[in-house]
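Those protein sequence lines, which keep their order, are chains A and B. So the first sequence is residues 1 to 331, counted in full-length UniProt numbering. So the second sequence is residues 1 to 331, counted in full-length UniProt numbering. Reviewing the structure listed below.
Protein chains: 2
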Amino acid sequence: MTVTIYDVAREANVSMATVSRVVNGNQNVKPATRKKVLKVIEELGYRPNAVARGLASKKTTTVGVIIPDISNSMYAELARGIEDIATMYRYNIILSNSDQNENKELQLLETMLGKQVDGIVFMSDVISSELLYEMKRSPTPIVLAGSIDDSNAIASVNIDYYGAAYEAMKKLIDNGHTRIAFVSGLFSSKVNKDKLKAYRQALEDASIEVDEQLVIECDNSYDEAIEAVNTLAPQKPTAYFVSNDEMSIGVIHGVEANGKKIPEDVEIISYENSKLARMARPMLTSVALPLYDIGAVSMRLLTKYMNGEEIEEKQVILPYRIEERASTKNA
Amino acid sequence: MTVTIYDVAREANVSMATVSRVVNGNQNVKPATRKKVLKVIEELGYRPNAVARGLASKKTTTVGVIIPDISNSMYAELARGIEDIATMYRYNIILSNSDQNENKELQLLETMLGKQVDGIVFMSDVISSELLYEMKRSPTPIVLAGSIDDSNAIASVNIDYYGAAYEAMKKLIDNGHTRIAFVSGLFSSKVNKDKLKAYRQALEDASIEVDEQLVIECDNSYDEAIEAVNTLAPQKPTAYFVSNDEMSIGVIHGVEANGKKIPEDVEIISYENSKLARMARPMLTSVALPLYDIGAVSMRLLTKYMNGEEIEEKQVILPYRIEERASTKNA
DNA sequence: CTGAAAGCGCTAACAA
DNA sequence: TTGTTAGCGCTTTCAG
Numbered sequence: 001m002t003v004t005i006y007d008v009a010r011e012a013n014v015s016m017a018t019v020s021r022v023v024n025g026n027q028n029v030k031p032a033t034r035k036k037v038l039k040v041i042e043e044l045g046y047r048p049n050a051v052a053r054g055l056a057s058k059k060t061t062t063v064g065v066i067i068p069d070i071s072n073s074m075y076a077e078l079a080r081g082i083e084d085i086a087t088m089y090r091y092n093i094i095l096s097n098s099d100q101n102e103n104k105e106l107q108l109l110e111t112m113l114g115k116q117v118d119g120i121v122f123m124s125d126v127i128s129s130e131l132l133y134e135m136k137r138s139p140t141p142i143v144l145a146g147s148i149d150d151s152n153a154i155a156s157v158n159i160d161y162y163g164a165a166y167e168a169m170k171k172l173i174d175n176g177h178t179r180i181a182f183v184s185g186l187f188s189s190k191v192n193k194d195k196l197k198a199y200r201q202a203l204e205d206a207s208i209e210v211d212e213q214l215v216i217e218c219d220n221s222y223d224e225a226i227e228a229v230n231t232l233a234p235q236k237p238t239a240y241f242v243s244n245d246e247m248s249i250g251v252i253h254g255v256e257a258n259g260k261k262i263p264e265d266v267e268i269i270s271y272e273n274s275k276l277a278r279m280a281r282p283m284l285t286s287v288a289l290p291l292y293d294i295g296a297v298s299m300r301l302l303t304k305y306m307n308g309e310e311i312e313e314k315q316v317i318l319p320y321r322i323e324e325r326a327s328t329k330n331a
Numbered sequence: 001m002t003v004t005i006y007d008v009a010r011e012a013n014v015s016m017a018t019v020s021r022v023v024n025g026n027q028n029v030k031p032a033t034r035k036k037v038l039k040v041i042e043e044l045g046y047r048p049n050a051v052a053r054g055l056a057s058k059k060t061t062t063v064g065v066i067i068p069d070i071s072n073s074m075y076a077e078l079a080r081g082i083e084d085i086a087t088m089y090r091y092n093i094i095l096s097n098s099d100q101n102e103n104k105e106l107q108l109l110e111t112m113l114g115k116q117v118d119g120i121v122f123m124s125d126v127i128s129s130e131l132l133y134e135m136k137r138s139p140t141p142i143v144l145a146g147s148i149d150d151s152n153a154i155a156s157v158n159i160d161y162y163g164a165a166y167e168a169m170k171k172l173i174d175n176g177h178t179r180i181a182f183v184s185g186l187f188s189s190k191v192n193k194d195k196l197k198a199y200r201q202a203l204e205d206a207s208i209e210v211d212e213q214l215v216i217e218c219d220n221s222y223d224e225a226i227e228a229v230n231t232l233a234p235q236k237p238t239a240y241f242v243s244n245d246e247m248s249i250g251v252i253h254g255v256e257a258n259g260k261k262i263p264e265d266v267e268i269i270s271y272e273n274s275k276l277a278r279m280a281r282p283m284l285t286s287v288a289l290p291l292y293d294i295g296a297v298s299m300r301l302l303t304k305y306m307n308g309e310e311i312e313e314k315q316v317i318l319p320y321r322i323e324e325r326a327s328t329k330n331a
């Protein structure tokens, strides 16, 4: 019923090998033969079976993508970067959500290796040691996208999260603030830990006492950010450094609900710079994360591993910038 | 180097068939044998090769997902619903962005069929006749998620877009408006055409003259929505029916920039009800689209096709509701 | 430039 | 309950 390479070979009076050659663009085929084969392929509606091909060649031209949650816009942006480059290199993507659950991550890794993916792009805020162990013994290359492995054992693409946070804090400090709140996402995330470190260091470097009451951990949501502002109110912060755009909008609404003006009374710097940053009122000054690029570069790096190319840089650090808008007073 | 079923069989002194049985949970294996095999599997670190399995069994336990753009939050939400149910049924997902480009869609379909996916979930605002033709001859089941094929030839999951739009318009009309603008996404999209139809019908049913100058087509973006408001200003609309939440925020900003108050001077009803609806000020009254559910139900429907189960309902219509918030005056 | 033939690793009758 | 044996559809030497 389904037409196979054998059917084509028979109809075209050539061997399977020859059909295989024309299908795979091998140049060692006489033009006339190629034409004849192509014609039969067309007539019969032959469609190469990628599974059989994968078994024979040990390459599936598909890569696994393990992502915390595709419905989270940050990850979706990363995923788009990954997919675009994958497509460019003729790979398909098996995409799975892990919800950052370690067991799921482990099991997903296993499943993808079982499916013989040629490579894996992995994203997670925390890389457990067991996960790291499994990644190291993976027969297939793995690269971390926007995710950090302290041991630097796995290839990765990131920005300098610490430096970006430090610079954001510096800007707030330079604007004269001494009561700066940090509304963070979960500290289980390595990136948020880095930001906290930068938060403290920037303050210390400016000889401003670090008040732990000004630091608040939430779940990255708009609602918790509003709550955070209320919790923080007694501390009278005059500026906020916020972990992402959605929370920043929560902070704006929380601050305005308390009758304060932005940026006159309170300044805010966000960290993400998604399109939300421009949709907020006032528009958000935000550390611009090149999410799409992180995804794209990760995938590009992975192709190099898959091709056995020389890798010049195993830990790629992409540049960031701070987009200044109306939530801060600018020079 | 990689350990195969044959290695396990040899080490465990059983046949490949027996190993295959225990790996696949076949009950026809003596417990003692099973245990022995499991032990060897563990020792050797045997991992079944899904590609070989796929070739032999003609099932890959993976489904293809063709989506316009995963970085668009509406589609990301759909995708999450699809993936969750796929996981529940032990399927993996090959995810590809089509950007609604017909050639890409066609080619993606071809690629996925080549990869021998067991089923496909397809999303697109427009289903061309060529695409429809190819879908009909697909050897593998296909279901449309949040997408419409006028001929009803392909299974699909949607809501009553027309009815939802009609109801939204009715609400605006009941609130006394006669100058209602419609800020729509592209009319190439079947869904937007339905909304337009409902827009007109609701007006006609209320004996309000339809003024085509009040209808404006944009690209679904925040920026174009702001522009639309300015373009519309001379028509003096007192209410807006808007195609999605992002555009609605643009409309809010455009309207407020012109010194009008919402909902006192101008009322707005959106269509999506993403988390943006609650993050807007005023919060948006919005037609609530059950995006996640559409994805989930689509995948569930697909599993039925893949299992050869009886399908009671080929065109599934899910319920919607209108979430009333502060952008309209409510009873 | 082309063909023959041996797998790739597994499933699924069919036997035993 | 277990083993034998064909394939699944294709790639890839190796000859010629």
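Idealized CB from N, CA, C, for every residue including glycine.
Beta-carbon separation (whole angstroms), residue i vs residue j, contact threshold 8 angstroms
i        : j        : result
Phe182/A : Leu172/A : That pair is no contact at about 10 angstroms.
Val121/B : Met299/B : 6 angstroms
Lys36/B  : Ala12/B  : 5 angstroms
Ile311/B : Lys304/B : 6 angstroms
Where residue i falls: helix, strand or coil (DSSP)
i        : result
Glu272/A : strand
Lys250/A : Residue identity differs from the one stated: residue 250/A is Gly in this sequence, not Lys. Three-state DSSP puts Gly250/A in a helix.
Ser73/A  : helix
Thr33/A  : helix
Ile67/A  : strand
Ile208/B : coil
Tyr6/B   : helix
Asn220/B : coil
Ser129/B : helix
Tyr240/A : strand
Asn92/B  : strand
Ala321/A : Correcting the residue identity first, residue 321/A is Arg in this sequence and not Ala. In the structure shown, Arg321/A sits in a strand (DSSP, three-state: E or B).
Ala280/B : coil
Ile159/A : strand
Nearest candidate by alpha-carbon position, reference residue i, set the options
i             : options                                   : result
Ser96/B       : Leu214/B, Asp149/B, Ser124/B and Leu38/B  : Ser124/B
Asp150/B      : Gly114/B, Ser57/B, Tyr91/B and Lys193/B   : Lys193/B
Glu105/A      : Val63/A, Tyr89/A, Met135/A and Asp265/A   : Met135/A
Asn49/A       : Thr140/A, Gln213/A and Thr60/A            : Thr60/A
Ser147/B      : Ser129/B, Ile322/B and Ser189/B           : Ser189/B
Tyr292/A      : Val8/A, Asn220/A, Ala76/A and Arg137/A    : Ala76/A
Glu227/A      : Lys236/A, Pro237/A and Ile216/A           : Ile216/A
Ile70/A       : Asp160/A, Gln100/A and Asn152/A           : Gln100/A
Glu224/B      : Ala202/B, Val210/B, Pro237/B and Ile249/B : Ile249/B
Val117/B      : Arg325/B, Pro139/B and Glu310/B           : Pro139/B
Lys329/B      : Ala56/B, Ala155/B and Gly176/B            : Gly176/B
Glu43/B       : Val19/B, Tyr166/B, Val8/B and Pro237/B    : Val8/B
Glu130/A      : Phe187/A, Tyr162/A and Gln107/A           : Gln107/A
Ala168/A      : Glu272/A, Ala17/A, Met1/A and Ile294/A    : Glu272/A
residue 418/B : Ile322/B, Met88/B, Tyr6/B and Pro141/B    : What is shown of chain B runs 1 to 331, which leaves residue 418/B out entirely.
Whether residue i touches residue j by CB criterion (9 angstroms)
i        : j        : result
Ser73/B  : Ser73/A  : yes
Ile252/B : Arg278/B : no
Leu318/B : Ile127/B : no
Ile94/A  : Val143/A : no
Lys170/A : Ala145/A : no
Thr231/B : Ile180/B : no
Leu214/A : Gln201/A : no
Same chain, Cβ closer than 6 angstroms to residue i, neighbours up to 5 away in sequence not counted
i        : result
Val29/A  : Arg21 and Val22
Ile85/A  : Ala296, Met299 and Arg300
Ile208/A : Thr178
Ser327/B : Ile262, Pro263, Ile268, Pro282, Leu284 and Thr285
Thr4/A   : none
Ala165/B : Lys195 and Ala198
Lys314/A : Ala155
Gly54/B  : Thr60
Glu246/A : Tyr222
Cβ neighbours of residue i in the same chain (closer than 7 angstroms, five flanking residues each side left out)
i        : result
Val14/A  : Thr33 and Val37
Val255/A : Val229, Ile262 and Val266
Lys260/A : Val266
Cutoff 8 angstroms; reference residue i; Cβ partners in own chain excluding five residues on either side
i        : result
Lys58/B  : Gln116
Pro290/B : Ile159, Leu318, Pro319 and Tyr320
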